[in-house]
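Engineer: Chains as they are written, first to last, in full-length UniProt numbering: chain A, 1 to 202; chain B, 1 to 202. A virtual CB, placed ideally from N, CA and C, is assigned to each residue, including glycine. Before we start, here is the structure in question, set down as structure tokens.
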DNA sequence: TAGAATCCGGACTGTGGGTCCGTTTTGACG
DNA sequence: CGTCAAAACGGACCCACAGTCCGGATTCTA
């Protein structure tokens, strides 16, 4: 009942396309250099098959993205702290942003392709809205912070795929250093709301 | 001696193209919908003329961007506080970011076109490097802040053209409200470094 | 005003996303 | 197992657009 039963060749080809696209995008090189025809050839299907299954290029990218994002989403929704819902807001915010950063580090070309040529704004994508809504809600629980809606946008903007690519890929900033920098930045922002009765400096 | 003397028709056409492109990009509608042929037609020249004068689409966009950015750049480099060099770092950081935000609000479609289809990363553009270098230097002067290089990137990311477009264009957030939100966010971040001997909360 | 250097402009090319439709596969039913 | 309609296949085809090319027009120099 989950979905209309689809013909088995359709399902098989869908998987083949996803696998092929996955491989092609993971391989080094600009995401723009991977054409739909390339994907079709690598998957051993015709172009028509891809477009029927995914609608357009952006659809394919989104589908791939969702697949890869699945584990992270699960960890966030039902996992243990600090990522899961049981964590305190002050711990969860940095954990969430770190998770996003790590995801983009692990899926640079894909995230890049999706954010750049992904049709319209990345801001209309529903996966962005998920992240934003969640982050906003968590920020909301921390009193004394500025507009949490904008703050959520701004913090997420620090993990934009092309920025990550620039820093990690272009400037060769090591993964752990980048994570630390983001963590510091987030910590700085969170520090603007006094943790308790405001006991101030050390 | 500023530049090789160019033929007067070349100069005239260059201006015509800039003016036409300016008008076309300012007019509502997606920047992608403005083709080079459109610009050529509007300017009353042939396509070849545009490509000879600006190299490629990105070159035209960059040239336009520079022209529009000129006043802001001057205000930043030689203007009065809080934008100019005489301002204290704590005042100048928010002023700089506000200036960037206002600029992008005033030039939404253009900034969008440049950041999206602008060839490669926006992070390799030299105007980005100017802003980043400047912001970084100013942040550097505020003791107690996290890595100023990354912080500069992160703060600038909050003014990304597509985010601005999303908030101001899509969600109809009024200009002044957006400025206030950014200002709050920046203030929050700056507050993480104690202004003086850390007199703490109010 | 002659001649050369430079520029003009629009026809032309290459590329890649997306569509179309004749052919093939699948699965339900008798 | 044989038949048939629905669904899927695939690659030839279309189109839009960035970027190129070159014969002809324009502008500078002498």
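Exposed or buried, residue 162(B), counting other C-beta atoms within 10 Å across all chains shown (16 or more means buried)?
Structural biologist: buried
Engineer: Could you please give the first and the last residue of the uninterrupted alpha helix (DSSP H) stretch that includes residue 148(B)?
Structural biologist: Where residue 148(B) is concerned, the enclosing alpha helix (DSSP H) starts and stops at 148–157.
Engineer: To the nearest angstrom, how far is it from the Cα of residue 63(B) to the Cα of residue 14(B)?
Structural biologist: 10 Å
Engineer: Reducing DSSP to helix, strand and coil, say where residue 89(B) ends up.
Structural biologist: helix
Engineer: Taking the CB atoms as reference points, tell me whether residue 145(A) and residue 193(A) lie closer together than 8 Å.
Structural biologist: yes
Engineer: For residue 198(B), is the classification buried or exposed, using 16 other Cβ atoms within 10 angstroms of its Cβ as the cut-off for buried?
Structural biologist: Low confidence applies here, because residue 198(B) scores a pLDDT of 46, under 50, leaving its location unreliable and the question unanswered by this model.
Engineer: Leaving out five residues before and five after residue 99(B) in sequence, what residues of the same chain have Cβ atoms less than 8 Å from its Cβ?
Structural biologist: 72, 75, 76, 83, listed in sequence order.
Engineer: Quick one, are the C-beta atoms of residue 89(A) and residue 138(A) less than 8 Å apart?
Structural biologist: yes
Engineer: For residue 10(A), collect the residues of the same chain with a Cβ closer than 8 Å to its Cβ; drop the 5 residues on either side in sequence, then sort them by chain order.
Structural biologist: 53
Engineer: Does the count of Cβ pairs from the region 123–133 of chain A and the region 123–133 of chain B closer than 8 Å reach three?
Structural biologist: Counting Cβ pairs under 8 Å, fewer than three are found: no touch.
Engineer: Assuming residue 176(A) is part of the alpha helix (DSSP H), what are its boundary residues?
Structural biologist: 175–191
Engineer: Please work out which residues of its chain come closer than 7 Å, Cβ to Cβ, to residue 104(B), disregarding the five sequence neighbours upstream and downstream, and give them in chain order.
Structural biologist: 111, 159, 161, 164
Engineer: Show which residues of chain B have a CB atom less than 8 Å away from the CB atom of residue 160(A).
Structural biologist: 157, 160
Engineer: Suppose you measure from the CA of residue 56(A) to the CA of residue 183(A); what does that come to, to the nearest Å?
Structural biologist: 36 Å
Engineer: What does the Cβ neighbour count give for residue 19(B), buried or exposed, with the cut at 16 atoms within 10 Å?
Structural biologist: exposed
Engineer: May I have a chain-ordered list of the alpha helix (DSSP H) segments no shorter than 4 residues that lie completely inside the UniProt domain "HTH tetR-type" (11–72) of chain B?
Structural biologist: 36–43, 47–54
Engineer: Do residue 117(B) and residue 32(B) have their beta-carbon atoms positioned less than 8 Å apart in this structure?
Structural biologist: It is a contact, given that the beta carbons lie within the stated cut-off.
Engineer: CA-CA distance, residue 154(A) and residue 44(A)?
Structural biologist: Each residue's Cα considered, the two are about 42 Å apart.
Engineer: Rounded to whole angstroms, what's the CA-CA distance from residue 166(B) to residue 36(B)? Just pull it up for me.
Structural biologist: 25 Å
Engineer: Once DSSP output is grouped into helix, strand and coil, what is the label at residue 253(A)?
Structural biologist: The structure shown does not extend to residue 253(A), since chain A spans only 1 to 202, so no value can be given for it.
Engineer: Can you grab the Cα-Cα spacing for the pair residue 120(A) / residue 148(B), in whole Å?
Structural biologist: 31 Å
Engineer: Between the alpha carbons of residue 136(B) and residue 28(B), how many angstroms are there, rounded?
Structural biologist: 34 Å
Engineer: Quick one: is residue 23(B) buried, meaning 16 or more other Cβ sit within 10 Å of its Cβ, or exposed?
Structural biologist: So residue 23(B) ends up on the exposed side.
Engineer: What three-state label does DSSP hand residue 144(B) in the structure shown?
Structural biologist: coil
Engineer: On a CA-only basis, which of 151(B), 113(B), 40(B), 176(B) is nearest residue 101(B)? Give me that one, please.
Structural biologist: 176(B)
Engineer: Counting along the chain, where does the alpha helix (DSSP H) carrying residue 112(B) start and finish?
Structural biologist: 108–116
Engineer: Please report the straight-line C-alpha distance between residue 94(B) and residue 107(A), rounded to a whole angstrom.
Structural biologist: 33 Å
Engineer: By the criterion of Cβ-Cβ separation under 7 Å, what are the contact partners of residue 166(A) in chain B?
Structural biologist: 121, 123
Engineer: Counting only beta-carbon separations shorter than 8 Å, does residue 134(A) have a partner in chain B?
Structural biologist: no
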